[in-house]
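In my numbering, the protein residues as written are 1 to 353. In this text, a Cβ means the ideal position worked out from N, Cα and C, and glycines have one as well. These notes concern the structure reproduced below.
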């Protein structure tokens, strides 16, 4: 059943400049940087590509996914981050980070590829990207603990960091659902069953085992993503999902501005706000979702491109960046509310229960 509540088009939402910006920042090899001459990471790269798919920019979206296929390692992983646009794209790090392979960033290609198929019906492209999806999800499942959670990262030396992020695992939960949908569409039933089994175990950990997350670092519960990602990605549904969102509203939602990225910081961010919009739509709060999305257009530059966010105590855009993935998130939120593409319900209706 569709959760669409508005008939507005991409142009009606004023989002064509955001999509144009993603296209301008995308490199000729398909990689979508965060901003011109900036770094990149596979998760945000996919979110930006999804914006292109919704807008009908098929060539750019296909090049984005082919970049992942080309960059993927033999073990199915990608580096967590890629360097500044200086030709050094294989160091797996920027800004002093150690090279690593994060499970949720590697696995998210499954969501993007299934999303592109829903937008386009391009079965040949789905078949082309199947090996990439297969190997990416195999990498993530290889890092699943007996208690269901999927470990956060693997170092360049192959050492597994045995702790888990709630938001990262929620993202993988959605990746497994999309991978299973792809496997079912292409008649790879054994893979489908394996991923659904992994997803079931992961979902139980997300819903019932808070002790399995943030065991070796400070709790991430201050971050909005830990609040709504289990709803956004379908691990928590129904009345429980609605109550989870309601319980966090006072902590995270700043009326008239958007969603705080961190509960105790005076900073609303557009991407998290857009993902909250989709989460609200998933629990049937369409009018509230539309209201929140409409707030966010005050955080664009003169060309209609979104800033990362707004520091409302300092009354300043901060940081002074316009990320492509923020633009992608805005397009996905509008799609969830207005049915702009065949993938409009991807995050608002669970693929499988």
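Residue i - DSSP class collapsed to helix/strand/coil
i           : result
residue 155 : strand
residue 269 : strand
residue 100 : strand
residue 165 : coil
residue 259 : strand
residue 243 : helix
residue 254 : strand
residue 35  : coil
residue 108 : coil
residue 236 : coil
residue 40  : strand
residue 85  : A caution first: residue 85 carries a pLDDT of 43, below 50, which makes its placement in the model unreliable, though a value can still be read off. DSSP places residue 85 in coil when its eight states are reduced to three.
residue 226 : helix
residue 217 : coil
Span separating the alpha-carbon of residue i from that of residue j
i           : j           : result
residue 79  : residue 62  : 20 Å
residue 317 : residue 304 : 14 Å
residue 162 : residue 151 : 5 Å
residue 334 : residue 340 : 7 Å
residue 94  : residue 102 : Confidence in residue 94 is poor, its pLDDT being 45 and thus under 50, which makes the residue's placement unreliable; the coordinate value appears in the next sentence. For residue 94 and residue 102, the distance between alpha carbons rounds to 14 Å.
residue 255 : residue 288 : 11 Å
residue 153 : residue 143 : 8 Å
residue 44  : residue 275 : 13 Å
residue 69  : residue 235 : 28 Å
residue 325 : residue 35  : 9 Å
residue 309 : residue 319 : 7 Å
residue 64  : residue 190 : 28 Å
residue 49  : residue 313 : 33 Å
residue 231 : residue 271 : 16 Å
residue 327 : residue 19  : 7 Å
residue 114 : residue 302 : 34 Å
residue 15  : residue 157 : 42 Å
residue 17  : residue 60  : 15 Å
residue 179 : residue 128 : 14 Å
residue 22  : residue 167 : 25 Å
residue 29  : residue 82  : 14 Å
residue 262 : residue 252 : 7 Å
residue 214 : residue 122 : 40 Å
residue 226 : residue 37  : 30 Å
residue 243 : residue 285 : 12 Å
residue 110 : residue 145 : 21 Å
residue 239 : residue 27  : 43 Å
residue 147 : residue 196 : 16 Å
residue 233 : residue 104 : 12 Å
residue 216 : residue 141 : 21 Å
Contact check, residue i vs residue j, beta carbons under 8 Å
i           : j           : result
residue 39  : residue 33  : yes
residue 25  : residue 108 : no
residue 176 : residue 202 : yes
residue 264 : residue 209 : no
residue 306 : residue 299 : yes
residue 350 : residue 237 : yes
residue 54  : residue 343 : yes
residue 224 : residue 169 : no
residue 58  : residue 120 : yes
residue 330 : residue 348 : no
residue 149 : residue 212 : yes
residue 273 : residue 245 : no
residue 206 : residue 130 : no
residue 346 : residue 118 : yes
Closest by C-alpha distance to residue i, when choosing among the options
i           : options               : result
residue 10  : 37, 52 and 29         : 52
residue 134 : 149, 323 and 73       : 73
residue 77  : 284, 137, 128 and 125 : 137
residue 71  : 98, 106, 55 and 273   : 106
residue 124 : 81, 185 and 174       : 185
residue 7   : 321, 290 and 322      : 290
residue 98  : 155, 117 and 27       : 155
residue 112 : 147, 172 and 146      : 172
residue 241 : 228, 321 and 250      : 228
residue 139 : 198, 187, 311 and 247 : 198
residue 277 : 267, 249 and 266      : 249
residue 56  : 116, 100 and 12       : 116
**OP:** Output the residue ranges of the alpha helix (DSSP H) runs that lie fully inside the segment 278-335 and measure 4 residues or longer, sorted by chain position.
**Re:** 286-295
Original post:
Can you list, in chain order, the stretches of the alpha helix (DSSP H) that have 4 or more residues and sit fully within the segment 3-27?
Top reply: The alpha helix (DSSP H) runs lying completely inside the segment 3-27 and spanning 4 residues or more are 10-13 and 16-25, given in chain order.
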